[in-house]
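Residue numbers (the numbering used here): 5 to 459. Even glycine gets a Cβ: it sits at the ideal position worked out from N, Cα and C. These notes are about the structure you will find just below.
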Ligand code: FCB
């Protein structure tokens with residue numbers, strides 16, 4: 005059989021995040037996070053659910069590591085809950101929080117699964133939000149302080165660190181669109197927040213290197229290729245506009261040391277920034293943000309198609325037929341992953357890439373025989389892995405792939421109704437059931453890590 009698989013040392017993983025799976029919201033000294041507050045506010049989470057229990061991973065983590073062993077993954081990307089480590093945002097450390105993650109890391113290492121640790125996946129201590137959250141520059145310093153505690157405890161065992169997950173979501177969904185915690189609808193506040201998130205990344209990058217010099221440090225961006233709905237000049241410009249605000253606003257400072265000038269102008273024109281532009285950027289900030297990265301984490305789910313509405317405003321629209329949409333309403337568009345990876349390689353001086361999230365929400369549950377036939381998820385994974393491989397064949401340096409997600413979990417503003425897991429969760433009993441996609445992923449990994457394997 006001809007082997008057209010991935011390199012033997014390609015890292016195969018699954019991803020989760022603390023708030024989405026852990027539960028145990030008030031145990032062992034954990035403080036309140038902005039997501040606890042947001043989910044407890046009526047009307048914020050679509051299905052009215054919260055994550056007080058979620059997947060109860062805080063108590064079931066040993067069992068969940070067994071699921072990863074069943075899959076045969078080589079790595080597990082998870083995040084650390086800041087409110088478990090420093091419940092007051094700054095100040096005293098909660099040792100019980102560090103103990104929890106230390107036990108998790110030790111067990112992963114014991115069974116040969118590499119911990120790939122994200123320091124911030126959106127659960128900011130509420131006390132910091134009360135002081136302005138990410139729009140307050142002091143939060144960047146608080147993040148370094150919290151991260152230092154984590155790195156001092158785990159830096160001898162964890163060799164891959166992600167500072168932030170998806171700064172665009174933190175800033176734009178959290179502070180501009182009001183769709184995520186903390187729920188602001190204030191574009192200028194969002195741009196400040198984005199800058200402070202990036203700044204805290206840069207400072208933390210430096211800090212990690214001082215405590216764990218051999219570690220690999222990166223950041224995870226959600227990147228969405230944007231395409232014009234037509235060839236009209238207005239639609240082409242709308243696609244440029246979207247790309248600037250969504251992708252380049254983060255890629256450029258990180259990889260080029262500057263914000264994209266056209267997007268700064270767009271923001272001024274939209275009234276999101278004053279005429280003097282980025283007044284909150286101080287001398288030295290961009291240099292810190294652009295410190296070299298060991299890897300870039302790419303989360304890919306779909307593309308955006310842009311057109312201009314009746315008033316000439318750019319607008320993202322869905323053009324695909326219903327059967328090509330996931331339960332999130334996101335278009336199935338694997339070619340976008342290929343194009344994105346190639347673009348990163350060609351347009352930027354890009355470090356090696358890990359695909360740190362990729363997956364799909366489909367609600368398929370157990371049939372009468374208890375089997376979850378989630379064929380659409382299998383197809384999603386299969387086509388996106390094929391796209392990844394095509395990009396690698398075109399010369400892009402991709403080192404690993406993490407499926408989102410190990411388990412169905414609390415999908416933020418959508419609640420538990422959207423299911424991304426390879427394992428089905430029965431929330432009432434907390435039973436985990438392997439979906440067909442879990443078996444498929446297991447077999448795919450196996451076929452691609454043995455010399456005889458084939459896709
Ligand atoms: C990403 C998030 C992740 C999950 C997926 C579906 O934006 O990083 O936590 O919610 O989307």
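Cβ-Cβ distance between residue i and residue j below 8 Å
i	j	result
residue 330	residue 294	no
residue 27	residue 80	no
residue 12	residue 453	yes
residue 357	residue 448	no
residue 87	residue 133	no
residue 233	residue 309	yes
residue 312	residue 373	no
residue 142	residue 135	yes
residue 445	residue 407	yes
residue 18	residue 336	no
residue 90	residue 153	yes
residue 342	residue 394	yes
residue 208	residue 151	yes
residue 297	residue 345	no
residue 111	residue 66	yes
residue 97	residue 162	no
residue 201	residue 138	yes
Residue i versus residue j - alpha carbon distance
i	j	result
residue 284	residue 203	11 Å
residue 421	residue 193	30 Å
residue 291	residue 197	18 Å
residue 306	residue 338	8 Å
residue 255	residue 73	35 Å
residue 140	residue 206	16 Å
residue 189	residue 317	19 Å
residue 75	residue 69	10 Å
residue 414	residue 38	15 Å
residue 236	residue 243	11 Å
residue 7	residue 280	Note that residue 7 scores 43 on pLDDT, short of 50, meaning its location in the model is unreliable and no value can be drawn from it.
residue 350	residue 359	17 Å
residue 362	residue 385	8 Å
Unbroken beta strand (DSSP E) run spanning residue i, endpoints
i	result
residue 220	220 to 226
residue 117	Element bounds for residue 117: n/a, residue is neither H nor E.
residue 168	164 to 169
residue 437	435 to 438
residue 312	308 to 312
residue 81	79 to 83
residue 426	Taken as a continuous stretch (DSSP letters only), residue 426 belongs to no beta strand (DSSP E), as it is neither H nor E.
Cβ shell of residue i (< 7 Å), same chain only, five flanking positions each side left out
i	result
residue 462	A question about residue 462 goes unanswered here, because the residues of the chain that appear run from 5 up to 459.
residue 226	170, 172, 173, 303
residue 78	15, 16, 17, 117, 118
residue 146	93, 94, 132
Neighbourhood of residue i by C-beta, 6 Å cutoff - its chain only, sequence neighbours within 5 removed
i	result
residue 21	83, 125
residue 191	180, 276
residue 322	none
residue 223	167, 168, 205
residue 251	227
residue 24	413, 414
Residue interval of the alpha helix (DSSP H) (run including residue i)
i	result
residue 206	191 to 215
residue 340	339 to 351
Beta-carbon proximity list for residue i, same chain, < 8 Å, skipping 5 on both sides
i	result
residue 50	417, 418, 419, 421
If we count Cβ pairs, one from each stretch, closer than 8 Å, do we get three or more for the segment 198 to 217 versus the segment 146 to 165? yes
State whether the segment 178 to 189 contacts the segment 261 to 268, with contact taken as three or more CB pairs (one from each stretch) at a distance under 8 Å. no
Answer yes if the segment 43 to 57 comes into contact with the segment 440 to 450, meaning at least three C-beta pairs across the two stretches below 8 Å, and no otherwise. no
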